[in-house]
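Asker: Here numbering that gives the first Met the number 0 is used: the first residue of the sequence shown is 0, the next is one more, and so on. There's a structure below that I have some questions on.
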Amino acid sequence: MISLGCAKNLVDAEIMLGSVLQRGMEITSRAEEADVLIINTCAFIDSAKEESIGAILEAHQQRGLNKRPDQKLIVSGCMSQRFAKELRQELPEVDAFIGLDQVSELGAIVEKVVARASSPCLTDKVSVPHDDVDLAFANTRPTYIPNYDTPRFRLTPAHSAYLKIAEGCNHPCSFCVIPQMRGKHRSRTMESVLAEIRGLVSEGVREINLISQDTTYYGMDLWPEKAGPRQPVDSSCGPTLSRLLREIQKIDGEFWVRLLYTHPAHWSDELIETIAECDKVARYIDIPLQHIDESMLQRMRRETSRTHIERLIDKLRDGIAGVALRTTFIVGFPGETDAEFETLLQFIERTRFERLGIFKYSQEQGSRAAKMPNQISTRVKNARYRKAMSIQQKIAHETASEKIGSGLNLLVDQPHIARTEADAPDVDPRVILSRPAPVGEFIQRKITGSRGYDLLA
0 MISLGCAKNL
10 VDAEIMLGSV
20 LQRGMEITSR
30 AEEADVLIIN
40 TCAFIDSAKE
50 ESIGAILEAH
60 QQRGLNKRPD
70 QKLIVSGCMS
80 QRFAKELRQE
90 LPEVDAFIGL
100 DQVSELGAIV
110 EKVVARASSP
120 CLTDKVSVPH
130 DDVDLAFANT
140 RPTYIPNYDT
150 PRFRLTPAHS
160 AYLKIAEGCN
170 HPCSFCVIPQ
180 MRGKHRSRTM
190 ESVLAEIRGL
200 VSEGVREINL
210 ISQDTTYYGM
220 DLWPEKAGPR
230 QPVDSSCGPT
240 LSRLLREIQK
250 IDGEFWVRLL
260 YTHPAHWSDE
270 LIETIAECDK
280 VARYIDIPLQ
290 HIDESMLQRM
300 RRETSRTHIE
310 RLIDKLRDGI
320 AGVALRTTFI
330 VGFPGETDAE
340 FETLLQFIER
350 TRFERLGIFK
360 YSQEQGSRAA
370 KMPNQISTRV
380 KNARYRKAMS
390 IQQKIAHETA
400 SEKIGSGLNL
410 LVDQPHIART
420 EADAPDVDPR
430 VILSRPAPVG
440 EFIQRKITGS
450 RGYDLLA
């Protein structure tokens, strides 16, 4: 399997491989040995689509190089109906497509695809025919969500794991088609999440990254009285992220929990207090803001205002000692003027986020923004990207220099590579160790210098 895209897609890949193992099959890292090749795609933005198509074409070519004409190719993942049908037309060599609601059924689907190939007479009994019937998943929004006992084959290091606490999204952001691809927000029960965390900790996992499309909305769809997407968070009404974190705090073991993908609209004073009081919650907040100019936020349909965002950042930094804030912004959104972009640059300079990423706007088919007038040219997007990242690069280097001389708690990923609480796996800087340390353990080291974005210890 080749899995592309974000951590949420990675969890889907782990569930698919778990279903394969459950059916008695074996997983191999050598493509030439495999009877079936699987590409788990991401079709969120244009660059991801291009990567997905490239991976599929490479897998098809690999079949020829391996001299395995009997080798089957299955495409799965987060994709719209339109993109799935485009892939079917452009890549007829794909043997089957499966959607998000079928991730736990991959093992059975593989059996059907292989059986169809070995016994042509069984074709009528197999529900994965060579036409658009196997694209039916793209006609409806997914409803599937994993449980604590869903078989998984983890693709992360033994000491670190992603845990999906919810699926889908209820927000109407004009640049995004994720609600169309992944469906409405649906939370796992607290009991399910806690059972999985206990299992991971018992296996030696030291870092649990909580993920979803909208982590701060967790549990609100389970309230007895339905909560709207802009309803204030209140734990007295039912499950919330705050209540979940307080229960996680009670679990025995040495580990930290990291919050990823928190929407700014659903933060509450209660959640800030909870994080401050729970030492197992990493002092790290991933909060994608996308923009700060008031007009831009409205056109993006972000359901937050500049005043709300600025007050929230102040509350986070005042209420959680030593917190590191990570965010992302979009440049080149349709109609973004030079003045609106300058407002964003000033905000970045003034706020000094510890971690920051910039996306160049991608015109996604099916989104409201794709139809907006005044689309920005690629040249302007690239220039704005470079300018924003040059400002953040300077801030990041200064932030790293400020850590020199301090003693920090580190989680060791490799004998000479570790991460601080302020560093999520795969997306943030690392700490380069001068002396080796045991992988998967927490250590204390003094920071002696910095190299680019990374720290030295």
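By construction, the Cβ of each residue, glycine as well, lies at the ideal position given by its N, Cα and C atoms.
For the alpha helix (DSSP H) holding residue 410, just list the boundary residues, first then last.
Answerer: Here residue 410 is taken as the residue at index 411 of the sequence shown, counted from 1. Run containing residue 410: none in the alpha helix (DSSP H); it sits in the beta strand (DSSP E), 406 to 413.
Asker: Got a sec, what are the start and stop residues for the alpha helix (DSSP H) residue 257 sits in?
Answerer: As a working note, residue 257 is residue 258 in the sequence shown. Not the alpha helix (DSSP H): residue 257 falls in the beta strand (DSSP E), residues 255 to 258.
Asker: Give me the Cα-Cα distance between residue 91 and residue 56, rounded to the nearest whole angstrom.
Answerer: As a first step, residue 91 must be located in the sequence shown, where it is residue number 92. As a first step, residue 56 must be located in the sequence shown, where it is residue number 57. Going by the C-alpha atoms only, they are around 11 angstroms apart.
Asker: Bridge partners for residue 208 per DSSP, in chain order?
Answerer: Counting from 1 along the sequence shown, the entry for residue 208 is found at position 209. According to DSSP, which records beta bridges pairwise, residue 208 is partnered with 161 and 257.
Asker: In this structure, what does DSSP give as the bridge partners for residue 289?
Answerer: For this step, residue 289 is matched to residue 290 along the sequence shown. For residue 289, which the question treats as bridged, DSSP gives the partners 328.
Asker: Taking the beta strand (DSSP E) that residue 90 falls in, what are its first and last residues?
Answerer: On the sequence shown, residue 90 is found 91 positions in, with the first residue counted as 1. Careful: residue 90 lies outside any beta strand (DSSP E) and carries neither H nor E.
Asker: To test your reading of the DSSP string, which unbroken alpha helix (DSSP H) runs of 4 or more residues are found completely within the stretch 4 to 79?
Answerer: The stretch 4 to 79 contains these whole alpha helix (DSSP H) runs: 6 to 21 and 45 to 64.
Asker: Looking at residue 218 and residue 191, is the spacing between their C-beta atoms short of 8 angstroms?
Answerer: Residue 191 sits at position 192 when you count from the first residue of the sequence shown. Residue 218 sits at position 219 when you count from the first residue of the sequence shown. Their beta carbons are not under 8 angstroms apart, which means residue 191 does not touch residue 218 by this criterion.
Asker: Skipping 5 residues on each side, what residues in its chain have a beta carbon closer than 6 angstroms to that of residue 267?
Answerer: Taking the first residue of the sequence shown as 1, we reach residue 267 at position 268. Counting only Cβ-Cβ distances below 6 angstroms, and skipping sequence neighbours, we find 232.
Asker: Taking Cβ to Cβ, would you say residue 176 is nearer than 8 angstroms to residue 363?
Answerer: As a first step, residue 176 must be located in the sequence shown, where it is residue number 177. As a first step, residue 363 must be located in the sequence shown, where it is residue number 364. A contact, by the Cβ cut-off of 8 angstroms.
Asker: Apart from the five residues just before and just after residue 61, which ones in its own chain have a Cβ nearer than 6 angstroms to its Cβ?
Answerer: As a position in the sequence shown, residue 61 is number 62, starting the count at 1. 30.
Asker: Kindly indicate the opening and closing residues of the beta strand (DSSP E) around residue 445.
Answerer: Within the sequence shown, numbered from 1, the residue matching residue 445 stands at position 446. 441 to 445 is the extent of the beta strand (DSSP E) around residue 445.
Asker: Any idea what DSSP makes of residue 313, helix, strand or coil?
Answerer: For the purposes of this step, residue 313 is taken as residue 314 along the sequence shown, with counting starting at 1. Helix at residue 313.
Asker: Where are the alpha helix (DSSP H) runs, 4 residues long or more, that stay fully inside the stretch 350 to 416, in chain order?
Answerer: The qualifying runs are 377 to 401.
Asker: Give me the residue from 3, 36 and 78 with the minimum Cα distance to residue 108.
Answerer: On the sequence shown, position 109 is the one that residue 108 refers to. That would be 36, whose Cα lies nearest to the Cα of residue 108.
Asker: Mind checking which residues open and close the alpha helix (DSSP H) that includes residue 456?
Answerer: Stepping through the sequence shown from its first residue, residue 456 is reached at position 457. It is not in any alpha helix (DSSP H) - residue 456 carries neither H nor E in the DSSP assignment.
Asker: Hey, residue 193 and residue 214 are a contact pair by Cβ (cut 8 angstroms); roughly how many whole angstroms apart?
Answerer: Looking up residue 193 in the sequence shown gives position 194. Looking up residue 214 in the sequence shown gives position 215. About 16 angstroms separates the two Cβ atoms, so there is no contact after all.
Asker: Inspect the CB distances between the stretch 293 to 312 and the stretch 334 to 346 and report whether three or more fall short of 8 angstroms.
Answerer: Short answer: they touch.
Asker: Looking only at C-alpha atoms, which of 455, 78, 148 and 162 sits nearest to residue 40?
Answerer: Counting from 1 along the sequence shown, the entry for residue 40 is found at position 41. When only C-alpha atoms are compared, the closest one is 78.
Asker: Measuring straight from C-alpha to C-alpha, what distance separates residue 286 and residue 26?
Answerer: The sequence position of residue 286 within the sequence shown is 287, counting from 1. The sequence position of residue 26 within the sequence shown is 27, counting from 1. If you take the alpha carbons of residue 286 and residue 26, they lie about 36 angstroms apart.
Asker: Residue 196 lies in the beta strand (DSSP E); which residues open and close that run?
Answerer: The residue given as residue 196 occupies position 197 in the sequence shown. Looking at the DSSP string, residue 196 is not in any beta strand (DSSP E); the run it does join, the alpha helix (DSSP H), is 189 to 201.
Asker: Quick one: Cα of residue 160 to Cα of residue 424, how far?
Answerer: Taking the sequence shown and counting its residues from 1, the one referred to as residue 160 is at position 161. Taking the sequence shown and counting its residues from 1, the one referred to as residue 424 is at position 425. Going by the C-alpha atoms only, they are around 10 angstroms apart.
Asker: Bridge partners of residue 283, per DSSP?
Answerer: As a working note, residue 283 is residue 284 in the sequence shown. According to DSSP, residue 283 bridges with 323.
Asker: Taking the beta strand (DSSP E) that residue 97 belongs to, which residues open and close that run?
Answerer: Position 98 of the sequence shown, counted from the first residue, corresponds to residue 97. Start and end: 95 to 97.
Asker: If you run the structure through DSSP and keep just helix, strand and coil, what is residue 123?
Answerer: Within the sequence shown, numbered from 1, the residue matching residue 123 stands at position 124. In this prediction, residue 123 scores a pLDDT of 36, lower than 50, which makes its location untrustworthy; the coordinate-derived value is nonetheless stated afterwards. Three-state result, residue 123: helix.
Asker: Run through DSSP, which three-state label would residue 448 get?
Answerer: Numbered from its first residue, the sequence shown carries residue 448 at position 449. Three-state DSSP puts residue 448 in a strand.
Asker: Thinking C-beta only, is residue 330 closer than 8 angstroms to residue 357?
Answerer: Here residue 357 refers to the residue found at position 358 of the sequence shown. Here residue 330 refers to the residue found at position 331 of the sequence shown. Going by C-beta atoms, residue 357 is nearer than 8 angstroms to residue 330.
Asker: For residue 49, which of 209, 4, 382 and 226 has the nearest alpha-carbon?
Answerer: Translated into the one-based positions of the sequence shown, residue 49 becomes position 50. When only C-alpha atoms are compared, the closest one is 4.
Asker: For residue 16, which residues in the same chain have their Cβ closer than 8 angstroms to its Cβ, ignoring the five residues on either side in sequence?
Answerer: Position 17 of the sequence shown, counted from the start, is the residue given in the question as residue 16. For residue 16, where only same-chain residues beyond five positions count, the Cβ hits under 8 angstroms are 0, 26, 105, 151, 152 and 154.
Asker: Which residues in the same chain have their Cβ closer than 8 angstroms to the Cβ of residue 22, if we skip the five residues on either side of it in sequence?
Answerer: In the sequence shown, counting from the first residue as 1, residue 22 sits at position 23. The residues are 106, 107, 109 and 110.
Asker: Buried or exposed: residue 169, going by 16 or more other Cβ atoms within 10 Å of its Cβ?
Answerer: In the sequence shown, residue 169 corresponds to position 170, counting from 1. Result: buried.
Asker: Looking at residue 442 and residue 458, is the spacing between their C-beta atoms short of 8 angstroms?
Answerer: In the structure as shown, the chain starts at 0 and stops at 456, and residue 458 therefore has no counterpart that could be examined.
Asker: Based on the DSSP secondary-structure assignment, which residues constitute the bridge partners of residue 103?
Answerer: If you number the sequence shown from 1, residue 103 lands on position 104. Answer is none; residue 103 lacks a bridge partner.
Asker: Three-state secondary structure (DSSP) at residue 131?
Answerer: For the purposes of this step, residue 131 is taken as residue 132 along the sequence shown, with counting starting at 1. Any answer about residue 131 is weak, because its pLDDT of 37 lies below 50 and its placement is not dependable; what the coordinates show is given next. Helix, per DSSP.
Asker: Drop a sphere of 10 angstroms on the beta-carbon of residue 434, count the other beta-carbons inside from all chains shown, and report buried for 16 or more, exposed for fewer.
Answerer: Position 435 of the sequence shown, counted from the first residue, corresponds to residue 434. Exposed, since its Cβ has fewer than 16 Cβ neighbours within 10 Å.
Asker: Quick check on DSSP: helix, strand or coil for residue 430?
Answerer: For the purposes of this step, residue 430 is identified with residue 431 of the sequence shown, where counting begins at 1. Looking at residue 430 - three-state DSSP - the assignment turns out to be strand.
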